[in-house]
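Trainee: Got a structure here, written out as structure tokens. Questions coming.
Numbering (our numbering), first residue to last: 2 to 279.
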């Protein structure tokens, strides 16, 4: 196996996305006031593996559309065979669930549920208007719940606001991604929201989700440091709405992604506040 092949196996995971999901889970764990370093490593690893598996299985089912929209990805470029990518994803799902099971039963149940949802999404839901977007938004926000689950039911409850804010912001971003990918999706036979309802309606719905995320961000009881950082995230969310109004789906999506990164930093500040370290 050559260096290029190994690089393709790494690339198909989307390591940056996996890392951000893992960090979100660790922050969820910290918000729940659970500080065991060994468990922290296991939480991060489980989320990294399952997120990577989800990206790989998504690329397997998306290979025809990616040949139009993203031809340089590992499968359409020929660097990884489609069946190899599928087997790789299943191995990663199994490994992630095993690691989650070492933490506790709640984390195992969330890991198994999310693994099933990732496969179901890639195979059946991706081309379904809104349902696919809702599934992705739930999966993204559930990283906080997974981390909180390390501390039991109380940890899940402590992460309600991070979960909901992440859900709303991701809904907005996913709809704008669908707007950006309309050409390839239409050729692939997908029935996404912008294809069925039109770009203007889809953009308005995406803007509504972004606005709800801004409103919700002020309800978290995470202290002044959290508010100082989350305001930056909110400004980026609002900027994304303005960019949407100009018809720039790609720019709006980038602003939302930056806003989500700042929201993650805000929740880190909130976790430090919860632990009385900030």
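All C-beta atoms in this analysis are idealised placements derived from N, C-alpha and C, irrespective of residue type, glycine included. Just so you know, these numbers come straight off a predicted model, no measurement behind them.
(1) Pairing CB atoms from the stretch 50 to 65 with CB atoms from the stretch 106 to 125, are three or more of them under 8 Å?
(2) Which one of 81, 67, 156, 241 has the shortest CA to CA distance from residue 176?
(3) Using the beta-carbon count (16 or more within 10 Å), is residue 251 buried or exposed?
(4) Evaluate residue 32 with the Cβ neighbour count: other Cβ atoms within 10 Å of its Cβ, from every protein chain shown; 16 or more gives buried, anything less gives exposed.
(5) Residue 223 lies in the alpha helix (DSSP H); which residues open and close that run?
(6) Output needed for residue 184: all residues of its chain with C-beta closer than 8 Å, excluding positions within five of it in sequence on either side, in chain order.
(7) Among 10, 124, 164, which has the Cα closest to the Cα of residue 28?
(8) What are the boundary residues of the alpha helix (DSSP H) that includes residue 83?
(9) Nearest to residue 217 by CA position, among 111, 234, 131, is which residue?
(10) Quick check: what's the CA-CA separation for residue 231 versus residue 275?
(11) For residue 285, name the three-state secondary structure that DSSP assigns.
(12) Under a Cβ-count criterion, where at least 16 other Cβ atoms within 10 Å of its own Cβ denotes burial, should residue 6 be classed as buried or exposed?
(13) Relative to the C-alpha of residue 106, which candidate in 75, 134, 140, 149 has its C-alpha closest?
(14) Do residue 156 and residue 78 have their beta-carbon atoms positioned less than 8 Å apart in this structure?
(15) Roughly how many whole angstroms lie between the Cα atoms of residue 3 and residue 179?
(16) Can you tell me whether residue 154 is buried or exposed, with buried defined as 16 or more other CB within 10 angstroms of its CB?
(17) Using the three-state DSSP reduction, which class does residue 276 fall into: helix, strand or coil?
(18) Examine the Cβ distances between the stretch 42 to 50 and the stretch 13 to 25 and report whether three or more of them are shorter than 8 Å.
(19) Taking the alpha-carbon positions, what's the residue 193 to residue 225 distance?
(20) Here's a check: name, in chain order, each residue in its chain whose Cβ is nearer than 8 Å to the Cβ of residue 220, leaving out the five neighbours to either side.
(21) Let me know if residue 143 comes out buried or exposed under the rule of 16 or more other beta-carbons within 10 Å of its beta-carbon.
(22) Taking the alpha carbon of residue 170 as the point to measure from, which residue in 267, 213, 129 has its own alpha carbon closest?
(23) Rounded to whole angstroms, what's the CA-CA distance from residue 196 to residue 137? Just pull it up for me.
(24) Are the Cβ atoms of residue 168 and residue 111 separated by less than 8 Å?
(25) Hey, how far is the Cα of residue 203 from the Cα of residue 131?
(26) Comparing alpha-carbon positions, which option in 264, 222, 140, 90 lies nearest residue 236?
(27) Secondary structure at residue 118, three-state DSSP: helix, strand or coil?
Mentor: Here's the rundown:
(1) Enough Cβ pairs lie closer than 8 Å, so yes.
(2) Out of 81, 67, 156, 241, 241 has the C-alpha closest to the C-alpha of residue 176.
(3) Exposed, since its Cβ has fewer than 16 Cβ neighbours within 10 Å.
(4) Burial is judged here by how many other beta carbons sit within 10 angstroms of a residue's own beta carbon; residue 32 has at least 16 and is buried.
(5) For residue 223, there is no enclosing alpha helix (DSSP H), as DSSP gives it neither H nor E.
(6) Result list for residue 184: 69, 70, in chain order.
(7) Nearest of 10, 124, 164 to residue 28, Cα basis: 164.
(8) Its alpha helix (DSSP H) spans residues 83 to 104.
(9) Checked all of 111, 234, 131; the closest Cα to residue 217 is 234.
(10) Residue 231 and residue 275: Cα-Cα distance of roughly 16 Å.
(11) Shown here, the chain extends from 2 to 279; a query on residue 285 therefore has no answer.
(12) Answer is exposed; the Cβ neighbour count stays below 16.
(13) Closest by alpha carbon: 149.
(14) With contacts defined by Cβ atoms closer than 8 Å, residue 78 and residue 156 do not form a contacting pair.
(15) Near 35 Å, if we compare the C-alpha coordinates of residue 179 and residue 3.
(16) So residue 154 ends up on the exposed side.
(17) In the structure shown, residue 276 sits in coil (DSSP, three-state: anything other than H, G, I, E or B).
(18) The stretch 42 to 50 is in contact with the stretch 13 to 25.
(19) Approximately 40 Å, taken between the alpha carbons.
(20) Contacts found: 162.
(21) Only buried fits residue 143, as 16 or more other CB atoms lie within 10 angstroms of its CB.
(22) Considering only 267, 213, 129, the residue with the shortest C-alpha distance to residue 170 is 213.
(23) The straight-line gap from Cα to Cα measures roughly 19 Å.
(24) Not in contact: residue 168 and residue 111 (Cβ atoms no closer than 8 Å).
(25) Taking the Cα positions, residue 203 is about 10 Å away from residue 131.
(26) For residue 236, the nearest C-alpha among the options comes from 264.
(27) Helix at residue 118.
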